[in-house]
Amino acid sequence: MGLTLLVEQVLEKPSPEGLWHLHAGLLASRHPEAPIARDLAGHFFRYLSAVQSKIGTRQFPVIATGLAVTSTGINVTEEIFSNRKTNLWNLTADGFRLALDTLSTYQFVRQWETDFAALHAAAAWELYAAFWRLSETWQPAMPATARAQTLEELFTPVRDPDAENALRLAVMIRLFQWGLAAQMLPVLRSEATLQKT
């Protein structure tokens, strides 16, 4: 499969598998820009692989929270319905224990959110550098301060600490696609020229 089709697949439906195939095509390419495009494709591959892993593990802290709450709730219910003497103090203490168990387990869910945000931040770091290089190539006369300001605006949704992870994910994928498409242009033009000859 040619590089053009591989890039189209990544642009239409980005996946680690599609990027893996593009990786092989870029390794085979002799174009001097191919290693740079391969590097960006590699960052995109690692980002999507990590996102898939994080999304796959998202359910585990939620399930653990539910199990902990259920377990403690069963203990409290058993206390109430058993033949043991129950007093208000024991029931209150069990209720507090249930609440604390729930809150402590919920921290795993919050940790997942923090880890997911860190994943976006690390990928944005690499992608920012790729866009900087592209900007230098396409607009060499642009002052560094203007370049930085433009890129800051472009990356604002990803860097906003209050942005939802779903928004960050969507923006990051789109930025990776744009960056990869732009980086691939000279390689694809060269491939098209070679096929005509």
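Our numbering numbers the first residue of the sequence shown as 19 and each following residue consecutively.
Every residue gets a Cβ at the ideal spot worked out from N, C-alpha and C, and that includes glycine.
- Query: In whole angstroms, what is the alpha-carbon distance linking HIS41 and PRO50?
  - Reply: 15 Å
- Query: Between the C-alpha atoms of TRP150 and LEU37, what's the straight-line distance to the nearest angstrom?
  - Reply: 22 Å
- How is ARG177 classed by DSSP in three states: helix, strand or coil? helix
- Message: For TRP156 and MET202, I'd like the C-alpha separation in whole angstroms.
- Response: 13 Å
- Taking one C-beta from the stretch 166-180 and one from the stretch 25-33 each time, how about it: are there three or more such pairs within less than 8 Å? no
- Item | Minimum length 4: unbroken alpha helix (DSSP H) runs contained in the stretch 20-71 | 21-30 and 34-46
- Task: Please decide whether TRP150 counts as near chain D, where near means a Cβ-Cβ distance under 9 Å.
- Result: Among the chains of the structure shown, chain D does not appear; only one protein chain is present.
- Item | ALA159 in three-state terms, based on DSSP | coil
- Task: Kindly indicate which three-state DSSP category GLU171 falls into: helix, strand or coil?
- Result: helix
- Item | Three-state secondary structure (DSSP) of GLU144 | helix
- Proximity winner among ALA199, PHE62, GLY20 and ARG56, relative to HIS138 (alpha-carbon distances): PHE62
- Task: Helix, strand or coil for ALA182, going by three-state DSSP, please let me know.
- Result: Ala is not the amino acid found at residue 182; the sequence shown has Glu there. Reduced to three states, the DSSP call for GLU182 is coil.
- Query: Near ALA135, which residues of its chain fall below 8 Å by C-beta distance, leaving aside the five closest residues on each side in sequence?
  - Reply: PRO179, ASN183 and ARG186
- Query: Within 10 angstroms of its Cβ, does ALA164 collect 16 or more other Cβ (buried), or is it exposed?
  - Reply: exposed
- Query: Out of curiosity, what's the CA-to-CA distance linking ALA148 and LYS214?
  - Reply: 30 Å
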